[in-house]
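Going by UniProt numbering, the sequence shown opens with residue 1, and the numbers climb by one from there.
All residues carry an ideal CB built from backbone N, CA and C; glycine is no exception.
Report on the following structure.
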Amino acid sequence: MSVDAFSVLSEPTRRRILDRLRVAESSVNELVQALDVSQPTVSKQLKVLREAGFVTCRTEAQRRIYRIHAGPFRALDDWLQPYRALWDRHLDALERHLDNLEETS
Numbered sequence: 001m002s003v004d005a006f007s008v009l010s011e012p013t014r015r016r017i018l019d020r021l022r023v024a025e026s027s028v029n030e031l032v033q034a035l036d037v038s039q040p041t042v043s044k045q046l047k048v049l050r051e052a053g054f055v056t057c058r059t060e061a062q063r064r065i066y067r068i069h070a071g072p073f074r075a076l077d078d079w080l081q082p083y084r085a086l087w088d089r090h091l092d093a094l095e096r097h098l099d100n101l102e103e104t105s
């Protein structure tokens, strides 16, 4: 079964977890404290993120340490690239238009 990355990222707590993990690897307890979310909620959302490939974990003594896995983000970035090019063209046209307005004023 393939997981839709946008469905995974649509959940706000998952995005908050990813924002935190972008800064530093963290244990479940560190995420609970940093995000002020219950431990069962953090664990549930980490499971979804792990199954979708967005995070990995390693065991350190009695703790599981989570970190971001870049693969799914690269796939999203690849998918977004044509849209970025579209926006760049529109923004370039807007810049030219504003420059023309400035010159005629």
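Taking 9 Å as the cut-off, the beta carbon of L49 is found closer than this to the beta carbon of V8.
Under the three-state reduction of DSSP, E60 is assigned to strand. The beta carbon of H69 lies closer than 8 Å to those of G53, F54, V55, T56 in the same chain, with the five residues before and after it left out. In the structure shown, S7 falls within a helical segment according to DSSP collapsed to helix, strand and coil.
When DSSP reads this structure, I65 sits in a beta bridge with S27, R58. DSSP places D78 within a helical segment (H, G or I) once states are collapsed to three. In the displayed model, D36 falls within coil according to three-state DSSP, outside both helix and strand.
Taking every protein chain shown into account, the CB of L98 has fewer than 16 other CB atoms within 10 angstroms, so this residue is exposed. For A93, the secondary structure class from DSSP, reduced to helix, strand or coil, is helix.
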